[in-house]
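Engineer: Please see the structure below; I have some questions.
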Amino acid sequence: MSVDRRALAYSDQFAPVLVSRCINAAKANRPDLIPQPIRSSVVAYVQGGRMTVDVNQWAKDTLYAHRVRTGGDYPLPPEVQTPGQTAAKVGVVAAKAGFGFAKTLLKLSKF
51 MSVDRRALAY SDQFAPVLVS RCINAAKANR PDLIPQPIRS SVVAYVQGGR
101 MTVDVNQWAK DTLYAHRVRT GGDYPLPPEV QTPGQTAAKV GVVAAKAGFG
151 FAKTLLKLSK F
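Going left to right, the sequence shown walks through residues 51 to 161 as my numbering numbers them.
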């Protein structure tokens, strides 16, 4: 059996993205976004339990098989942010706005 190198590269590249989105969905209490074969393992991992399935290998195998079969991309779960990530993003936006305001005040004070 020959190996489709493009599909293999695709699965190696996007498996961590798929796994991280599944973990973020579990942390945000949205297990419905996680594919059924790995749902219980990902939720157990987030809650501190043991995984019954190797999620990383499952993601690589699934992405590879989907790419070989259809030639297209696997539909990744939507990106879900945890409350901590949302707060960090709001803090960065507020800091940028504050620095922009301070920069404007400094420009005006030169006249």
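By construction, the Cβ of each residue, glycine as well, lies at the ideal position given by its N, Cα and C atoms.
For residue 102, which residues from the same chain have a beta carbon less than 6 Å from its beta carbon, with the 5 sequence-adjacent residues on both sides left out?
Structural biologist: The answer, listed in chain order, is 91.
Engineer: Residue 113 and residue 60 - do their beta-carbons sit closer together than 8 Å?
Structural biologist: Their beta carbons are under 8 Å apart, which means residue 60 touches residue 113 by this criterion.
Engineer: Going by beta carbon distance, what residues of the same chain come within less than 8 Å of residue 117, once the five residues before and after it are set aside?
Structural biologist: Excluding sequence neighbours, residue 117 sits near 54, 56, 57, 60, 61, 123, 124.
Engineer: Whole angstroms are fine: how far does the CA of residue 158 sit from the CA of residue 64?
Structural biologist: Those two C-alpha atoms are separated by around 48 Å.
Engineer: What does a CB cutoff of less than 6 Å around residue 109 pick up in its chain, not counting 5 residues either side in sequence?
Structural biologist: Correct list, in chain order: 65, 68, 69.
Engineer: Taking DSSP as the reference, what is the three-state secondary structure of residue 89?
Structural biologist: Residue 89 falls in the helix class under three-state DSSP.
Engineer: So, helix, strand or coil for residue 52, using DSSP?
Structural biologist: Here residue 52 sits in coil by DSSP.
Engineer: Tell me whether residue 56, by its Cβ, gets closer than 7 Å to a heavy atom of the ligand ADP.
Structural biologist: No copy of the ligand ADP appears in this structure; indeed no ligand is present at all.
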